[in-house]
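**Q** Residue numbers (my numbering): 3 to 247. Ideal Cβ placement from N, Cα and C applies to all residues, glycine included. Encoded as structure tokens, here's the structure I'll be asking about.
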Ligand SMILES: Nc1ncnc2c1ncn2[C@@H]1O[C@H](COP(=O)(O)OP(=O)(O)O)[C@@H](O)[C@H]1O
Ligand SMILES: [Mg+2]
């Protein structure tokens with residue numbers, strides 16, 4: 003089985019060497035838990051370390067802000083975009099009802115069909131191997147019924163499967179135990195990683211937990227991580243693994 007290395011320091015060894023190539027992984031966490039940085043780092047490493055192009059679909063953050071966020075870690079997205087090694091799909095402007103001059107954007111308004119078409123075009127143009135959608139909770143807000151959210155997610159998952167990209171679906175949680183707003187996202191993915199930001203004696207701390215990773219013997223422990231000048235770094239510790247479930 004081929005693995006797609008995240009290149010995030012300390013993570014790949016917790017998950018059998020990397021994500022299963024072509025799989026769809028849910029990355030959940032509360033506001034400020036590091037989800038967007040995680041997604042950016044996965045794509046940036048893809049190009050810089052493994053020569054794999056990527057697509058970042060941004061639904062809540064406008065591309066300009068995303069480029070600025072990346073820049074503080076020394077990740078020059080524009081340089082990659084010039085080579086078509088990275089494509090940012092701007093779904094945020096249309097969702098906010100604002101105009102955009104981005105090359106890849108949802109110009110006909112925000113809906114899942116238009117989003118799917120633009121994802122398809124971006125993956126074809128960049129020959130992407132990796133993709134991030136940040137965040138799918140923003141898709142769910144339009145639908146009232148969990149069954150509706152689920153069927154839209156199935157559509158997107160099927161498209162990602164067809165495109166054979168290794169994908170991260172980012173999900174913003176309110177209750178850390180539920181993993182997603184609609185409580186359904188985890189059923190359409192092959193893996194689930196949660197990022198937690200919590201208070202401990204007056205200090206905010208971060209940890210990461212791999213809840214599910216199909217076909218993988220993975221760590222079952224919480225792993226402390228930091229966000230520093232190189233992005234996310236998982237602190238090493240002796241971890242025990244289990245047989246795959
Ligand atoms: N340069 C940096 N150095 C250290 N921590 C940072 C830096 N930039 C952002 N952060 C931390 O990352 C958080 C934002 O991460 P982000 O991935 O945008 O969160 P999320 O997408 O989960 O809401 C900030 O609240 C801050 O705590
Ligand atoms: Mg974010």
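May I ask you to report which of helix, strand or coil DSSP gives residue 116?
**A** Mapped onto the chain shown, residue 116 falls at position 114. Three-state result, residue 116: helix.
**Q** Quick check: the Cα distance between residue 52 and residue 8, rounded to an integer number of angstroms?
**A** Position 50 of the chain shown, counted from the first residue, corresponds to residue 52. Position 6 of the chain shown, counted from the first residue, corresponds to residue 8. Computed Cα separation, rounded: 9 Å.
**Q** Just to confirm before moving on: does the CB-CB distance between residue 57 and residue 195 stay below 9 Å?
**A** Residue mapping note: residue 57 aligns to position 55 of the chain shown, counting from 1. Residue mapping note: residue 195 aligns to position 193 of the chain shown, counting from 1. No, these two residues do not count as a Cβ contact at 9 Å.
**Q** On the three-state DSSP scale, how would you describe residue 232?
**A** Along the chain shown, one-based indexing puts residue 232 at 230. Residue 232 falls in the coil class under three-state DSSP.
**Q** Entirely within the stretch 66-96 and at least 3 residues each: give me those beta strand (DSSP E) ranges in chain order.
**A** If we require 3 residues or more, the beta strand (DSSP E) runs fully inside the stretch 66-96 come out as 88-92.
**Q** Does the beta carbon of residue 136 fall short of 8 Å from some heavy atom of ligand 3?
**A** In terms of ligand content, the structure shown lacks ligand 3 and carries ligand 1 and ligand 2 instead.
**Q** What does the Cβ neighbour count give for residue 122, buried or exposed, with the cut at 16 atoms within 10 Å?
**A** What you label residue 122 is simply residue 120 of the chain shown in a count that begins at 1. Its Cβ having fewer than 16 others within 10 Å, residue 122 is exposed.
**Q** With 16 other CB atoms within 10 Å as the buried threshold, where does residue 119 fall?
**A** Counting from one through the chain shown, the residue named residue 119 turns up at place 117. With fewer than 16 other Cβ atoms within 10 Å, it is exposed.
**Q** Could you check whether the Cβ of residue 63 sits closer than 8 Å to any heavy atom belonging to ligand 2?
**A** Residue 63 sits at position 61 when you count from the first residue of the chain shown. Yes - ligand 2 has a heavy atom lying nearer than 8 Å to the Cβ of residue 63.
**Q** Identify the residues that DSSP records as bridge partners of residue 107: which are they?
**A** Within the chain shown, residue 107 is the residue found at index 105, counting from 1. 92, per the DSSP bridge assignment.
**Q** Under 7 Å Cβ to Cβ from residue 13, same chain only, skipping five residues before and after it: list those, please.
**A** Taking the first residue of the chain shown as 1, we reach residue 13 at position 11. Here the set comprises 236.
**Q** With 16 as the cutoff for other CB atoms within 10 Å, does residue 326 come out buried or exposed?
**A** Residue 326 falls outside the range modelled here, since the chain spans only 3 to 247, and no answer is possible.
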